[in-house]
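Chemist: First the structure, which I've put down as structure tokens, then a few questions once you've had a look.
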Amino acid sequence: MSNLKLSLAMGNYDRTRAIVDGRVQIDGVDPVPMLLSPEEMFFRAFRHEAFDISEISLSSYSISVARGNPHYVAIPVFLSRAFRHTSVYIRTDKGIETPQDLRGKRIGIAEYQLSANVWVRGILEEEYGVKPSDIIWVRGGMDTPGRPEKIKVQLPGDIRMEEAPVGSTLNGMLEAGEIDGFVGPRWPRCFAERHPHVGRLFADSIATAEAYFEKTRIFPIMHVLGVRRSLAEEYPFLPAALLKAFTQSKLIAEEALSDTSATKVTMPFVEDNLNRVHALMGDDPWSYGVGGNAHVLNKFLDYHASQGLSPRRVEIEELFHPSTLEAYSL
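End of the sequence shown = 330 in the UniProt record's numbering, gap-free, step of one.
Next up, the structure:
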């Protein structure tokens with residue numbers, strides 16, 4: 001029997017590269033890889049069910065599970081993780097010096113339900129006492145006017161949401177001081193261009209994130225791997241085969257990163273930062289699988305439900321294919 005030829009959408013990461021170039025084979029599958037941005041990938045996956053296998057937003061997927069209509073079933077391969085203390089940008093001339101100063105401020109967001117934004121709102125409330133209802137949210141496109149939520153959401157009645165003016169972008173509004181800040185996974189262009197009055201809320205975001213991890217042991221999860229549910233039902237081997245292959249691919253990337261003979265990424269201080277990460281987070285900081293990440297997933301699902309994005313609190317077991325919740329051992 002020939003291998004399944006399946007479309008595979010994902011980001012262009014070191015941890016997926018061995019699957020793209022064929023060094024790691026997915027048992028029983030000949031993938032057709034497409035390396036896409038999260039915005040394009042998620043829009044096509046959730047609006048048009050475009051891919052057989054796709055990196056998907058944990059938040060959008062949790063909404064679909066809670067509503068009972070998930071087209072994909074997830075594999076505990078966490079292709080994107082990030083400490084989102086880097087994701088809160090502010091106008092430095094608006095009197096914002098602490099998280100509490102965000103109360104009453106107008107903060108731009110591209111989509112309310114983005115996984116990064118779920119984490120930021122949860123951290124602001126749990127760690128600093130700033131509730132989502134304390135902020136006026138302004139929704140719009142970052143660099144292009146207008147941007148719909150990829151999944152329609154019904155927000156709690158106490159959430160204050162404004163639409164950006166027609167023809168306006170969040171980057172332009174932040175640059176002009178028409179909003180007080182921005183929250184999102186991408187930095188706004190005016191920050192990258194070093195606008196004199198645009199900075200991060202947490203000036204030393206690394207130290208803040210390290211303190212957060214020491215307290216919570218949470219390395220936030222953004223994206224999971226999804227496989228078309230009908231395919232997983234027709235080919236029961238597929239979910240575990242994907243977990244196996246993506247785990248192998250990540251291991252290859254980690255081994256390359258640890259090879260100090262010549263730096264594999266175009267960034268100085270790689271060895272120093274890697275040692276710092278291992279000292280803080282252990283030998284497997286970017287772990288896959290449910291076992292070592294249950295506390296992270298449960299925290300996200302708590303935030304997701306409390307913020308009104310899912311109509312009920314989803315359980316971890318509902319997210320992932322049963323065959324990926326355990327593994328064989330020798």
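Note that CB positions come from ideal geometry on N, CA and C, so glycine has one too.
A quick note: this is a predicted structure, and the numbers were derived from the prediction, not measured.
Return yes when the C-beta of Phe-83 is under 6 Å from any heavy atom of the ligand COA, and no when it is not.
Modeler: Summarising the ligand content, the structure contains no ligands, and the ligand COA is consequently not present.
Chemist: Suppose you measure from the CA of Gly-243 to the CA of Ala-9; what does that come to, to the nearest Å?
Modeler: Locating residue 243 in the sequence shown gives position 243, counting from the first residue. Locating residue 9 in the sequence shown gives position 9, counting from the first residue. Contrary to the premise, residue 243 reads as Leu rather than Gly in this sequence. Rounded to the nearest angstrom, the two C-alpha atoms are 15 Å apart.
Chemist: Taking Cβ to Cβ, would you say Ser-310 is nearer than 7 Å to Ala-66?
Modeler: For the purposes of this step, residue 310 is taken as the residue at position 310 of the sequence shown. For the purposes of this step, residue 66 is taken as the residue at position 66 of the sequence shown. Contact flag set, yes.
Chemist: Which complete beta strand (DSSP E) runs does the segment 111-146 hold, if anything under 3 residues is left out?
Modeler: Listed in chain order, the complete beta strand (DSSP E) runs (minimum 3 residues) inside the segment 111-146 are 136-139.
Chemist: For Tyr-212, tell me which candidate among Glu-126, Leu-35, Ser-287, Glu-163 has the shortest Cα-Cα distance.
Modeler: To locate residue 212, count along the sequence shown from 1; it is residue 212. Of the listed residues, the one whose Cα sits closest to Tyr-212 is Glu-126.
Chemist: Can you tell me whether Gly-172 is buried or exposed? The criterion is at least 16 other CB atoms within 10 Å of its CB, across all chains shown.
Modeler: Residue numbering aside, residue 172 sits at position 172 when the sequence shown is read from its first letter. So Gly-172 ends up on the buried side.
Chemist: Is His-85 helix, strand or coil when you go by DSSP?
Modeler: The residue you call residue 85 lines up with position 85 of the sequence shown. Looking at His-85 - three-state DSSP - the assignment turns out to be helix.
Chemist: Are the segment 5-24 and the segment 244-259 in contact at 8 Å, needing three or more beta carbon pairs?
Modeler: The segment 5-24, when compared against the segment 244-259, does touch it at the 8 Å Cβ threshold.
Chemist: Would you give the residue range spanned by the beta strand (DSSP E) that Glu-163 belongs to?
Modeler: To locate residue 163, count along the sequence shown from 1; it is residue 163. Where Glu-163 is concerned, the enclosing beta strand (DSSP E) stretches over 160-163.
Chemist: Kindly say whether Arg-106, judged by its beta-carbon, lies nearer than 7 Å to any beta-carbon of chain C.
Modeler: In the structure shown, chain C does not exist; there is a single protein chain.
Chemist: Restricting to runs no shorter than 3 residues, where is the beta strand (DSSP E) found entirely within the segment 42-93?
Modeler: Runs found: 53-57, 72-81, 88-91.
Chemist: With 16 other CB atoms within 10 Å as the buried threshold, where does Pro-220 fall?
Modeler: As a position in the sequence shown, residue 220 is number 220, starting the count at 1. Counting Cβ neighbours within 10 Å, Pro-220 comes out buried, since at least 16 surround it.
Chemist: By how many angstroms is the C-alpha of Gly-282 removed from the C-alpha of Asp-272?
Modeler: For the purposes of this step, residue 272 is taken as residue 272 along the sequence shown, with counting starting at 1. For the purposes of this step, residue 282 is taken as residue 282 along the sequence shown, with counting starting at 1. About 15 Å.
Chemist: Would Ile-179 and Arg-139 qualify as a contact pair, given that the criterion is a beta-carbon distance under 7 Å?
Modeler: Residue 179 sits at position 179 when you count from the first residue of the sequence shown. Residue 139 sits at position 139 when you count from the first residue of the sequence shown. Not closer than 7 Å, so no.
Chemist: Going residue by residue through the segment 203-254, where are the continuous beta strand (DSSP E) segments of at least 3 residues, counting only ones entirely within it?
Modeler: Qualifying beta strand (DSSP E) stretches, in chain order: 221-228.
Chemist: Less than 7 Å between the beta carbons of Phe-78 and Ala-209, yes or no?
Modeler: Translated into the one-based positions of the sequence shown, residue 78 becomes position 78. Translated into the one-based positions of the sequence shown, residue 209 becomes position 209. No, they are not a contact pair.
Chemist: Between the segment 42-52 and the segment 190-201, can you find at least three pairs of beta-carbon atoms closer than 8 Å?
Modeler: The segment 190-201 vs the segment 42-52: no contact.
Chemist: Pull up the distance between the alpha-carbon of Leu-155 and that of Gly-184, whole angstroms please.
Modeler: To locate residue 155, count along the sequence shown from 1; it is residue 155. To locate residue 184, count along the sequence shown from 1; it is residue 184. Cα to Cα, Leu-155 sits roughly 18 Å from Gly-184.
Chemist: Where DSSP assigns a beta bridge to Ser-258, which residues make up the other side?
Modeler: Numbered from its first residue, the sequence shown carries residue 258 at position 258. Beta-bridge pairing links Ser-258 to no other residue.
Chemist: Considering just the uninterrupted stretch of the alpha helix (DSSP H) at Ser-306, what are its terminal residues?
Modeler: Looking up residue 306 in the sequence shown gives position 306. It spans 294-306 - the alpha helix (DSSP H) in which Ser-306 sits, taken as one unbroken run.
Chemist: At which residues does the alpha helix (DSSP H) containing Leu-170 begin and terminate?
Modeler: Here residue 170 refers to the residue found at position 170 of the sequence shown. Note, Leu-170: alpha helix (DSSP H), 170-176.
Chemist: Any idea what DSSP makes of Arg-313, helix, strand or coil?
Modeler: Here residue 313 refers to the residue found at position 313 when the sequence shown is read from its first residue. Arg-313: coil per DSSP, three-state reduction.
Chemist: Out of Ala-232, Met-1, Ile-218, which one is the CA nearest neighbour of Phe-300?
Modeler: On the sequence shown, position 300 is the one that residue 300 refers to. The candidate whose alpha carbon is nearest that of Phe-300 is Ile-218.
Chemist: Tell me whether Phe-269 sits in a helix, a strand or coil according to DSSP, three-state version.
Modeler: Here residue 269 is taken as the residue at index 269 of the sequence shown, counted from 1. Three-state DSSP puts Phe-269 in coil, outside helix and strand.
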